[in-house]
Amino acid sequence: MSQQPEIIRGMQGVVFTISNVSAINGQEGKLVYRGIPIEELAEHSTFEEVSFLLMEGRLPRKEELEAFNRMLKAHRALPGEVVDVLKKLPSNTHPMDALRTGVSALAGFDPDLGDPIEGMALMGKDEEARKAYWEKGKRMGIRMIAAFPTLVGAWEQIRNGKQPVEPRDDLSHAGHFLHSMLGTVPSDTATRVMDVALILHAAHGMNASTFTGIVIASTASDMYSAITGAIGALKGPLHGGANQQVLRQLREIQEMGGVSKIQEWLDNLLSQKGRVMGFGHRVYKAYDPRARILKRWAGELAKEQEKELYEIAVKLEEINIQKLGQKGIFPNVDFYSGLVYGALGIPVDQFTPIFAVARVSGWVADILEYWKDNRLIRPRAYYGDQVWDRPYTPVEERG
Ligand SMILES: CC(C)(COP(=O)(O)OP(=O)(O)OC[C@H]1O[C@@H](n2cnc3c(N)ncnc32)[C@H](O)[C@@H]1OP(=O)(O)O)[C@@H](O)C(=O)NCCC(=O)NCCS
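For the sequence shown, the working numbering begins at 201 and goes up steadily by one.
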């Protein structure tokens, strides 16, 4: 009987690769993309520039950024056949499922998607062939970054019985996303808020969806397969979906009577071992820097729109930190993002697709980084009872 090895459930804390794409310091509440603090990027950058930064490892020069923007705009439109695929889906299809299907359907229209055997170039000694495959992966990745907002927006229109909105190339990536989703040209404020939200969600160290993408890519498969898998991982409520639940809890408090009822609501929840959604994080044991930035924007939007939910959120945060702060439980990115998206008029089940529109840049960047020194990811499981000679029983003899 072999001895059971140490099993690290959920692979928590397991380090399997080196990545300089993004990093989190959970104790100090820091997040950097390629070494640049997220606060700097949220203040000064754009999602397009951040996508370049994540992939290339440095900020673009002016002409490089212009060329990158042109490339993204050139790949916004969807092939008519992909729109037809979306139109064939039942209208109650979840937006994440529609996105996953749309991305998978896009693969066949990409001129760089060749025979799967081409992926073996990643493993060979021919440096030029390896680089060529890597460059193909990058081009496919950029095409997907460009098409994600159009796909998500197209599904929103189609499920409401409308035609997808024709992409305009005078809009930024964030503006194009809101235009595709809502069918109207967004205000400058709405565009900037969405841009910031996309920047904040673009990468986040190693996480379940990034890892999923890397696992698929490590088999020398193609970028579309890897990203399609990553979307599947992001869909899970343990990863991409808590912001919807935050909004549900805030509305619950609102219905009970608002700010004056928070303490009662919280005592009730905690006495039943319930959880305040949008609070706590596996890595952050301090205030999530993304939550701080989104809180400010939620406050800005609340000045123009419904104030009450925001006021409830701020008070709930204060009371909750008094109660749970010493355990290292603070607001995470989801606490304020739901309020922001709700204020922009985006339907609740589209919140996770927004995450995907942003995170695809990080997925592509991390896969490209992994492909620089690709190794098949192939872990092991411990075979519990160690039986190797169990007899086969014919079906007639099974009790
Ligand atoms: C994200 C999360 C799973 C991380 O959890 P974790 O680091 O593994 O911490 P644990 O689940 O082990 O919880 C540790 C303690 O904090 C408490 N806790 C953690 N998050 C809490 C929350 N949001 N509300 C109330 N209590 C919370 C737990 O009840 C536990 O208390 P105990 O030690 O008295 O039993 C957890 O904080 C959570 O469920 N948050 C709510 C969902 C959410 O916002 N998810 C989005 C993450 S970006």
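We treat Cβ as the ideally placed atom computed from N, Cα and C, and that holds for glycine. Bear in mind that the values here come from a model prediction, so they are computed numbers and not experimental data.
Q | 4-residue-minimum alpha helix (DSSP H) runs that sit fully inside the stretch 511 to 598, ordered along the chain | A | Listed in chain order, the complete alpha helix (DSSP H) runs (minimum 4 residues) inside the stretch 511 to 598 are 533 to 543, 551 to 571.
Q | Pro225, enclosing beta strand (DSSP E) - first and last residue | A | Residue numbering aside, residue 225 sits at position 25 when the sequence shown is read from its first letter. Strictly speaking, residue 225 in this sequence is Asn, with Pro absent from that position. Run containing Asn225: 222 to 225, per the beta strand (DSSP E) assignment.
Q. Rounded to whole angstroms, how far is the Cβ of Met406 from the Cβ of Val564, which I believe are closer than 8 Å?
A. The residue labelled residue 406 in the question sits at position 206 within the sequence shown. The residue labelled residue 564 in the question sits at position 364 within the sequence shown. Val564 and Met406 do not touch by the CB rule: their CB atoms are close to 15 Å apart, not below 8 Å.
Q: Indicate the three-state DSSP secondary structure (helix, strand or coil) for Val365 in the structure shown.
A: On the sequence shown, residue 365 is found 165 positions in, with the first residue counted as 1. If DSSP states are grouped into helix, strand and coil, Val365 belongs with coil.
Q: Just mark Met211 as buried or exposed, buried being the case when its beta carbon has 16 or more other beta carbons within 10 Å.
A: Residue numbering aside, residue 211 sits at position 11 when the sequence shown is read from its first letter. Classification of Met211: exposed, given that the 10 Å Cβ count is below 16.
Q) Going by the C-beta, is Ala442 closer than 7 Å to any heavy atom of ligand 1? A) Numbered from its first residue, the sequence shown carries residue 442 at position 242. Checking the Cβ of Ala442 against ligand 1 gives yes.
Q) Taking C-alpha atoms, which residue in Lys523, Tyr592, Leu568 lies nearest to Arg330? A) Taking the sequence shown and counting its residues from 1, one reaches residue 330 at position 130. Answer by Cα proximity: Leu568.
Q. Got a sec? Which residues, its chain only, sit under 7 Å from His379 by beta carbon, not counting five neighbours each side?
A. By 1-based counting over the sequence shown, the position of residue 379 is 179. Cβ within range, chain order: Val365, Arg368, Leu371, Val385, Pro386.
Q.
Could you pull the DSSP bridge partners for Leu231 from this structure?
A. As a position in the sequence shown, residue 231 is number 31, starting the count at 1. In DSSP, Leu231 forms a bridge with Ile224.
**Q.** Residue closest to Pro547, alpha-carbon to alpha-carbon, out of Ser219, Gln444, Ala498, Arg475
**A.** The residue labelled residue 547 in the question sits at position 347 within the sequence shown. Taking only the C-alpha atoms, the option nearest Pro547 is Gln444.
**Q.** Straight-line Cα distance separating Asp589 from Met344
**A.** Within the sequence shown, residue 344 is the residue found at index 144, counting from 1. Within the sequence shown, residue 589 is the residue found at index 389, counting from 1. Taking the straight line from one Cα to the other gives about 49 Å.
Q: Within the same chain, show all residues whose beta-carbon is closer than 7 Å to that of Ala374, passing over the 5 residues directly before and after it, in chain order.
A: Your numbering for residue 374 matches position 174 in the sequence shown. So the qualifying residues of the chain are Phe247, Thr391, Met394, Asp395, Leu398.
**Q.** Start-to-end residues for the alpha helix (DSSP H) that takes in Arg339
**A.** Taking the sequence shown and counting its residues from 1, the one referred to as residue 339 is at position 139. Residues 327 to 359.
Q) Among Pro594, Glu328, Gly562, which has the Cα closest to the Cα of Ser409? A) As a first step, residue 409 must be located in the sequence shown, where it is residue number 209. Restricting attention to Pro594, Glu328, Gly562, the CA atom closest to the CA of Ser409 is found in Gly562.
Q | Straight-line Cα distance separating Leu322 from Val542 | A | Here residue 542 corresponds to residue number 342 of the sequence shown, with the count starting at 1. Here residue 322 corresponds to residue number 122 of the sequence shown, with the count starting at 1. The identity of residue 542 in the sequence shown is Gly, whereas the question assumes Val. Cα to Cα, the separation comes out at about 44 Å.
Q) How would you call Thr412, buried or exposed, if buried means at least 16 neighbouring beta carbons within 10 angstroms? A) Indexing the sequence shown from 1 puts residue 412 at position 212. The residue in question, Thr412, is buried, as its Cβ has 16 or more Cβ neighbours within 10 Å.
Q: Whole angstroms is fine: what's the gap from Ala486's alpha carbon to Lys495's?
A: Mapped onto the sequence shown, residue 486 falls at position 286. Mapped onto the sequence shown, residue 495 falls at position 295. Their Cα atoms are separated by approximately 15 Å.
Q. To which residues of the same chain is Pro437 closer than 6 Å at the C-beta, ignoring the five residues directly before and after it?
A. Locating residue 437 in the sequence shown gives position 237, counting from the first residue. Cβ within range, chain order: n/a, list empty.
Q: Identify, in the order they occur along the chain, each residue of the same chain with its Cβ nearer than 8 Å to the Cβ of Asp549, setting aside the five sequence neighbours on each side.
A: Working through the sequence shown from its first residue, we reach residue 549 at position 349. The residues are His294, Pro295, Gln444.
Q. Near Met271, which residues of its chain fall below 8 Å by C-beta distance, leaving aside the five closest residues on each side in sequence?
A. Here the question's residue 271 lines up with position 71 in the sequence shown. For Met271, where only same-chain residues beyond five positions count, the Cβ hits under 8 Å are Ile342, Ala346.
Q: Determine which residues share a DSSP beta bridge with Phe479 and list them.
A: Locating residue 479 in the sequence shown gives position 279, where the first residue counts as 1. Answer by DSSP bridge pairing, in chain order: Pro531.
Q) Is any heavy atom of ligand 1 found at a distance shorter than 7 Å from the C-beta of Val303? A) Counted from its first residue, the sequence shown places residue 303 at position 103. Not under cutoff, so the answer is no.
Q. Which residue from Arg209, Lys287, Arg482 puts its Cα closest to that of Gly361?
A. Stepping through the sequence shown from its first residue, residue 361 is reached at position 161. Cα-wise, what sits closest to Gly361 is Lys287.
Q) If you draw a straight line from the alpha carbon of Gly432 to that of Phe551, how long is it in whole angstroms? A) One-based indexing of the sequence shown puts residue 432 at position 232. One-based indexing of the sequence shown puts residue 551 at position 351. Computed Cα separation, rounded: 15 Å.
**Q.** Heavy atom of ligand 1 within 7 Å of Lys515 beta-carbon
**A.** Taking the first residue of the sequence shown as 1, we reach residue 515 at position 315. Answer for Lys515: no, Cβ out of range of ligand 1.
Q: May I ask you to verify whether the stretch 246 to 260 touches the stretch 489 to 508, counting CB pairs closer than 8 Å and requiring at least 3?
A: These segments do not touch.
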